[in-house]
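Enquirer: Before I ask anything, let me first share the structure, which is written out below as structure tokens.
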Amino acid sequence: MVCCVFVGRVVRREEKRREEKRIEEKNMNDLAAPLIASILFAFLSPGMIIQMPGTERPLEFMNLKTSFASIFVHAVVFLLLLILFLVMLNLHIYI
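Numbering (this note's numbering), first residue to last: 461 to 555.
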């Protein structure tokens, strides 16, 4: 009987540790989505670094001008890269 009680206590301790680990994992903040989205937004703003399609050429650099076509192209590229990083590559940044 003593052995059974001892084994039961060990099992309960292990279950308690597993539960504490689950709670810790839930409390960790996954900052991958906001960080990746803000970095991509900064770099893919039309006219900031690159503009495609440009107003005079297919590709222009640092002209700080924008058009509806360039906004659309940059939005599509932004969404595709965001899906690539967050869904396909399953990136996580825990802090």
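All C-beta atoms, glycine included, are put in the ideal place defined by N, C-alpha and C. As the structure is a computational prediction, the values presented were derived from the model and not from experiment.
Note down, in chain order, each residue of its chain lying with its Cβ closer than 6 Å to the Cβ of His-534, except the 5 sequence neighbours on either side.
Expert: Same-chain partners within the cutoff: Leu-504, Pro-506.
Enquirer: I'd like the list of long-range same chain contacts for Leu-541, defined as Cβ closer than 6 Å, with 5 residues on each side in sequence excluded.
Expert: Leu-500, listed in sequence order.
Enquirer: Cα-Cα, which of Glu-474, Asn-550, His-552, Phe-521 is closest to Ile-509?
Expert: The shortest Cα separation from Ile-509 among Glu-474, Asn-550, His-552, Phe-521 belongs to Phe-521.
Enquirer: Considering only DSSP beta bridges, list what Glu-520 is partnered with.
Expert: According to DSSP, which records beta bridges pairwise, Glu-520 is partnered with Gln-511.
Enquirer: By a C-beta neighbour count over all protein chains shown, 10 Å radius and 16 as the cutoff for buried, is Met-548 buried or exposed?
Expert: Exposed.
Enquirer: Can you find the residues in the same chain that come closer than 8 Å, C-beta to C-beta, to Phe-538, ignoring five residues on each side of it along the sequence?
Expert: Excluding sequence neighbours, Phe-538 sits near Leu-500, Phe-501, Leu-504.
Enquirer: Please classify Ser-530 as buried or exposed, where buried requires at least 16 neighbouring CB atoms within 10 angstroms.
Expert: Its Cβ being crowded by 16 or more others within 10 Å, Ser-530 is buried.
Enquirer: Which term fits Ile-555, buried or exposed, when burial requires 16 or more other beta carbons within 10 angstroms of its beta carbon?
Expert: Counting Cβ neighbours within 10 Å, Ile-555 comes out exposed, since fewer than 16 surround it.
Enquirer: Could you tell me the boundaries of the alpha helix (DSSP H) in which His-534 lies?
Expert: Start and end: 528–543.
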